[in-house]
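Q:
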Amino acid sequence: MEHALRPTVDVVERLLAPLDRLRTRILHLLMPVSGWLAGRREPRVAVVGVSAVLLALGLTVIAPLWLLALGPIVLGVPHLLADLRYCVVRPGWHRERVLWLTAGVPLLAMALGAPLEYGLAGVAASALAMDGSTLRRWAVAIGALGLALLARQVGSLADLVFAHGHNLIAVGLWAAWRPRAGKAYLWVLATFVLASVALAAGLADGVWLGEMPAGLRTADHLKILAPASAGDWGLRLVLLYCFAQSVHYGVWLRLLPEDDRARPTPRSFGASYRALRSELGGWVLGVFALASIVLALWACVDLAEARDGYLRFARCHGSLELIAVGLLIAGGRRYGGA
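All letters in the sequence shown, in the order written, are residues 537 to 874 by this note's numbering.
#1: Starting from T727, trace the alpha helix (DSSP H) in both directions and tell me its first and last residue.
#2: Please go through the stretch 819-857 and give each complete alpha helix (DSSP H) segment of 4 or more residues, from N-terminal end onward.
#3: Closest to P763 by CA distance: which of V707, L696, Y777 is it?
#4: Looking at L683: is its Cβ nearer than 8 Å to the Cβ of L656?
#5: Using the beta-carbon count (16 or more within 10 Å), is P568 buried or exposed?
#6: Tell me which residues share the same chain as E857 and place their Cβ nearer than 8 Å to its Cβ, disregarding the 5 neighbours each side in the sequence.
#7: Please return the same chain residues whose Cβ sits closer than 7 Å to the Cβ of L603, not counting the five positions on each side in sequence.
#8: Within 10 angstroms of the Cβ of E653, are there 16 or more other Cβ atoms? Answer buried if so, exposed if not.
#9: How would you call R580, buried or exposed, if buried means at least 16 neighbouring beta carbons within 10 angstroms?
#10: Taking 8 Å as the limit between beta carbons, can you name the residues of its chain near R621, skipping five residues before and five after?
#11: Compute the Euclidean distance between the alpha carbons of P608 and L826, then round it to the nearest angstrom.
#12: Using only the alpha-carbon positions, how far apart do A553 and R790 sit?
#13: So, with DSSP's three-state summary, where would you put R631?
#14: Whole angstroms are fine: how far does the CA of A694 sit from the CA of L686?
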């Protein structure tokens, strides 16, 4: 089986080799700053994180409709792969058979259209099923079940709140991922908070003037993301979602990989790919690559339908992140460097 995958592996590594050579040249041009950052994880992660937040803010201000439309198409599937890697495989939860039942079944149900309560029930069941402090496990379970009851009472409003709130889960999970050697990561959190406050205060009110091709219009996003908000506040809620979603992608695709590695120095593109293949296997990578290609082709035919289709299927990933948070709290340990 591995021999059958080897030609594909070689092709991928050959494609990544020019990128690594370009990366090396850029790092040489940026010496000695790049050398100093390469050996120091804390400031490097802070620089990467602040840059990601500022990039997300800039794109939100300049081209929010394009960001809302193309973000899920381009980064959606890779960020689901990162969810699988860091919420399941790296902590070793896939080896706990009970979690296939307590977490896997509710997540599958949500992917097929079940309501949010299923995911919250999965948080409670998974926390109770694992070892750890009895107080912590029951606190997580009671909190999750309480939220499930509330979600059942408020109906579709729960999905709206969770759509906005789940973007924040990734930021909080990253901040708590591993013990910190310093306070540099607080610059990332502060930049994120200040940017959010600026958007809420109306920083980008005047830039949403264009219409998105292929049916993704301003009114569509307002209806989905801010249905009960009128005027400026409806616009600001959509812009906040756009910004937070972009930061959410940055956390899973850049910050968590930096913070989760046992070694403090960064990897090359080729080494990152080999580590990913070693942890997840060639077939899993192949399935996700195929999903990315299918989604991209679908978007070429109908961008709005492709985006909506991805979001319908991927709605369960927020609950996966909640389960990861619940297990982190219940177990009383950090994930990084597992």
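Every residue gets a Cβ at the ideal spot worked out from N, C-alpha and C, and that includes glycine.
A: To lay it out plainly:
#1: Counted from its first residue, the sequence shown places residue 727 at position 191. If you look at T727, you'll find it in the alpha helix (DSSP H) that goes 721-736.
#2: The stretch 819-857 contains these whole alpha helix (DSSP H) runs: 839-850.
#3: Indexing the sequence shown from 1 puts residue 763 at position 227. Proximity to P763 across V707, L696, Y777 peaks at L696, based on C-alpha coordinates.
#4: For this step, residue 683 is matched to residue 147 along the sequence shown. For this step, residue 656 is matched to residue 120 along the sequence shown. Taking a C-beta distance under 8 Å as the contact criterion, L683 and L656 qualify as a contact pair.
#5: For the purposes of this step, residue 568 is identified with residue 32 of the sequence shown, where counting begins at 1. So P568 ends up on the exposed side.
#6: If you number the sequence shown from 1, residue 857 lands on position 321. Within its own chain, the residues whose Cβ lies closer than 8 Å to the Cβ of E857, once the five positions on either side in sequence are excluded, are D619, C623, H702, I705, A706, L709, listed in chain order.
#7: For this step, residue 603 is matched to residue 67 along the sequence shown. Here the set comprises L595, T596, C778, S782.
#8: To locate residue 653, count along the sequence shown from 1; it is residue 117. Flag for E653 reads buried.
#9: Walking along the sequence shown from the start, residue 580 turns up at place 44. Label assigned to R580: buried.
#10: Here the question's residue 621 lines up with position 85 in the sequence shown. So the qualifying residues of the chain are L812, E815, L816.
#11: Position 72 of the sequence shown, counted from the first residue, corresponds to residue 608. Position 290 of the sequence shown, counted from the first residue, corresponds to residue 826. Going from the Cα of P608 to the Cα of L826 covers about 15 Å.
#12: The residue you call residue 553 lines up with position 17 of the sequence shown. The residue you call residue 790 lines up with position 254 of the sequence shown. Going by the C-alpha atoms only, they are around 20 Å apart.
#13: Here the question's residue 631 lines up with position 95 in the sequence shown. Three-state DSSP puts R631 in a helix.
#14: Here residue 686 is taken as the residue at index 150 of the sequence shown, counted from 1. Here residue 694 is taken as the residue at index 158 of the sequence shown, counted from 1. Rounded to the nearest angstrom, the gap between the Cα atoms of L686 and A694 is 8 Å.
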